[in-house]
Amino acid sequence: MNSRRIVAITRWTFSIVALTGIIFVYRHWLHVNPTTVALTLLLYILVLASTWSLRLAVVTSVLATLGYNFYFLPPVDTLTIADPQNWLALFSFLATALIGSRLSQKARDEAEEARVRQRELETLFALSREMLATDNVAALIDGVPRAVVATTKARSAVLYLLDEDLMFQAGTEQLSEHQRLYLREEAKDGSGISRTGDEVRVVLKVGVKPRGILMLRGAVLSDGALEAIGTIISVSLDRAKALENVAHSEATKESEHLRSLMIDSITHELRTPLTSIKGAASALLSDEIQKDEDRHELLTIIDQESDRINRLVSQAVEMAQLDARQVHMTFEPVDIGDVIFGAIKEVSWVEERNPIDVRIQQKEPVRADFEFLKKVLGNLLENAAKYSAEGSPIVLTAEVQGRKLAVSVADKGIGIDPHEQSLIFDRFYRAPIHNQRISGTGMGLSISRSIVEAHGGSIDVVSRPGEGSVFTFTVPLAA
1 MNSRRIVAIT RWTFSIVALT GIIFVYRHWL HVNPTTVALT LLLYILVLAS TWSLRLAVVT
61 SVLATLGYNF YFLPPVDTLT IADPQNWLAL FSFLATALIG SRLSQKARDE AEEARVRQRE
121 LETLFALSRE MLATDNVAAL IDGVPRAVVA TTKARSAVLY LLDEDLMFQA GTEQLSEHQR
181 LYLREEAKDG SGISRTGDEV RVVLKVGVKP RGILMLRGAV LSDGALEAIG TIISVSLDRA
241 KALENVAHSE ATKESEHLRS LMIDSITHEL RTPLTSIKGA ASALLSDEIQ KDEDRHELLT
301 IIDQESDRIN RLVSQAVEMA QLDARQVHMT FEPVDIGDVI FGAIKEVSWV EERNPIDVRI
361 QQKEPVRADF EFLKKVLGNL LENAAKYSAE GSPIVLTAEV QGRKLAVSVA DKGIGIDPHE
421 QSLIFDRFYR APIHNQRISG TGMGLSISRS IVEAHGGSID VVSRPGEGSV FTFTVPLAA
């Protein structure tokens, strides 16, 4: 015997026993007038109707009518009625009991329906929040069955998409591969909602074109809620695809813009060394150069300008590799002093032009790639020299800040306008006022930021026009 049957038997038994108890008390202990008895029985029936079921209240009201007639209406202990007025009272009692029971049941049904609608609205809200949490189509499609199972409390959910011919599942019951054909046919030919036992299928559409089908097992939802779930899934898929298309379009535009900037920047920077190389080579090929020292000077120009071209090409390749995350870095404990003096040696022309004051506050090893960190310092030192007057000092400081080492490069150069300080780390950005006077591609600071962030640090600048700039980057300590 199942639990529902036991509960039903218990309720029927309690109702009859309680009715018998009321009649017994009024019959043998409390001697009251028939009106009081009728009101008590009516109140009892209304409580039954509002608490349990209408059928139980109707049967109890009939039994109460018989008991009221037998025990309280004269002649007592018979089912006959002596006074015709008592017939009216009896039928009024029965009608009031039945109507009150019906109204009570109706109110309870409406309250239950309101609770069901509230639960369905909460389910739809939770599902829409899950669906709108991601903009990636693949992640959204893969997560739809799990989100539906979690929000609807279904045993299982299956999402089948027609165009992709893919099936995604979640829950305790899994469909076999051959059942996909059945879903495919129903998605093509079906419409709206269909039910088989506790299994329900919702056809997903884009306009009038079928997109796929959602199958649920064990979910107790109305047709309206199921249609809303289908609409939420379709709208979420459309939204995610639209956002991906927009992002792809924006990425394509940005890529074209960056490619144009790179070509313009590199072309501009290549003209000067190529012109020098061409001029020196032409002079060497002519018969006008007779002295060895003149020939040596021209060869030196060719060598230096070739190195400059090589650096430009290397920077472009390095930036592309950093953007594509194709650069391999080896992180190990590194002495910051070795990095600093290695970078100074790498850009020796800077020290020849501007004296460098090195101040290492705490000599703690850092976790870094030696060559890449040296490249960052070299870029900062070259920038400090380019934008400073010849002979002005450059101060290089290293100090521990928490669990990181902060390295600063300070100059007394021309400074950076406040509105440009947030732009100078962007790829190929160069201040328009310095674009023609000072050579550069706008790649150095962008490369430096990428390298520092790959180390788990950060880089920023503090600057005042006319007073100089301080570039500071951090890297984690080896400990």
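Each residue of the sequence shown is one higher than the one before, counting from 1 in UniProt numbering.
Where is the CB? At the ideal position from N, CA and C, for every residue including glycine.
Can you confirm whether the region 172 to 187 touches the region 109 to 121 when touching is taken to mean that 3 or more C-beta pairs between the two stretches lie within less than 8 Å? no
For a test of the three-state rule: what should DSSP assign to L175, helix, strand or coil? coil
Cβ shell of A219 (< 6 Å), same chain only, five flanking positions each side left out: Within the same chain, Cβ atoms closer than 6 Å to the Cβ of A219 are found at T152 and A154, the five residues on either side in sequence being excluded.
Between G415 and G337, is the Cβ-Cβ spacing less than 8 Å? G337 sits away from G415, with the two beta carbons spaced by 8 Å or more.
Can you tell me which of F471, S469 and V475 puts its alpha carbon nearest to the alpha carbon of I451? V475
Near the ligand ADP: T152 beta-carbon under 7 Å from a heavy atom: This structure lacks the ligand ADP, and indeed carries no ligand of any kind.
How about I394 and V409: are their beta carbons less than 8 Å apart? Taking 8 Å as the cut-off, the beta carbon of I394 is found closer than this to the beta carbon of V409.
Among the residues of its own chain, which have a CB less than 7 Å from the CB of L98, if the five just before and after it don't count? V58 and S61.
contact_flag[the region 186 to 200, the region 137 to 144] where n(CB pairs < 8 Å) is 3 or more: no
Using the Cα positions of G21 and T13, report the straight-line distance between them to the nearest angstrom. Their backbone Cα atoms lie some 12 Å apart in a straight line.
Y160 and I229 - do their beta-carbons sit closer together than 8 Å? no
M329 - DSSP class collapsed to helix/strand/coil: Coil at M329, not helix or strand.
Using DSSP bridges, identify the partner residues of Y160. M167 and I213
Secondary structure of D426, DSSP reduced to three states: coil
In this structure, does DSSP put S234 in helix, strand or coil? helix
How about S458 and F471: do their beta carbons lie closer than 8 Å? When the beta-carbon positions are compared, S458 and F471 stay at least 8 Å from each other.
Taking the alpha carbon of E420 as the point to measure from, which residue in L396, A133, S392 and S469 has its own alpha carbon closest? S469
Please return the same chain residues whose Cβ sits closer than 7 Å to the Cβ of L405, not counting the five positions on each side in sequence. I336, E364, V366, A398, T474, V475 and L477
Do you know how far the Cα of S222 is from the Cα of R115? Approximately 13 Å, taken between the alpha carbons.
Taking its Cβ as the centre, do 16 or more other Cβ atoms sit within 10 Å of E250, making it buried, or is it exposed? exposed
When we look at the beta-carbon of N435 and count the other beta-carbons within 10 Å, is it buried (16 or more) or exposed? Low confidence applies here, because N435 scores a pLDDT of 48, under 50, leaving its location unreliable and the question unanswered by this model.
With distances taken from CA atoms, which of R129, L56, V462 and L73 is nearest I23? L73
So, are the CB atoms of A343 and L298 less than 8 Å apart? no
If you check the beta carbons only, do D369 and T330 fall under 8 Å apart? Taking 8 Å as the Cβ cut-off, D369 and T330 qualify as a contacting pair.
Just verifying my parser: in three-state terms, what is the DSSP assignment at V400? strand
Closest by C-alpha distance to D189, when choosing among K205, S176, H178 and T196: K205
Using the Cα positions of N69 and S15, report the straight-line distance between them to the nearest angstrom. 19 Å
Tell me the DSSP secondary structure of residue 480 in three-state form. In the structure as shown, the chain begins at 1 and stops at 479. Residue 480 is therefore absent and cannot be evaluated.
I193: first and last residue of the uninterrupted beta strand (DSSP E) it sits in: Where I193 is concerned, the enclosing beta strand (DSSP E) stretches over I193 to T196.
I45 versus L30, M167 and L103, residue with shortest Cα-Cα distance: L103
Spatial neighbours of L216 within its chain, please: CB distance less than 6 Å, with the 5 preceding and 5 following residues excluded, ordered by chain position. A154, A157 and V200
Paired residues, beta bridge with S408 - DSSP: According to DSSP, which records beta bridges pairwise, S408 is partnered with T397 and T472.
Let me know the secondary structure DSSP gives V7 once reduced to three states. helix
Count the other CB atoms within 10 Å of the CB of N383; is the residue buried (16 or more) or exposed (fewer)? Using a 10 angstroms sphere on the CB of N383, the tally of other CB atoms reaches 16 or more, which defines it as buried.
Within its chain, find whatever has a CB closer than 7 Å to the CB of E351; leave out the 5 residues flanking it on each side and keep chain order. I344
Reduced DSSP secondary structure (H/G/I, E/B, other) of L132: coil
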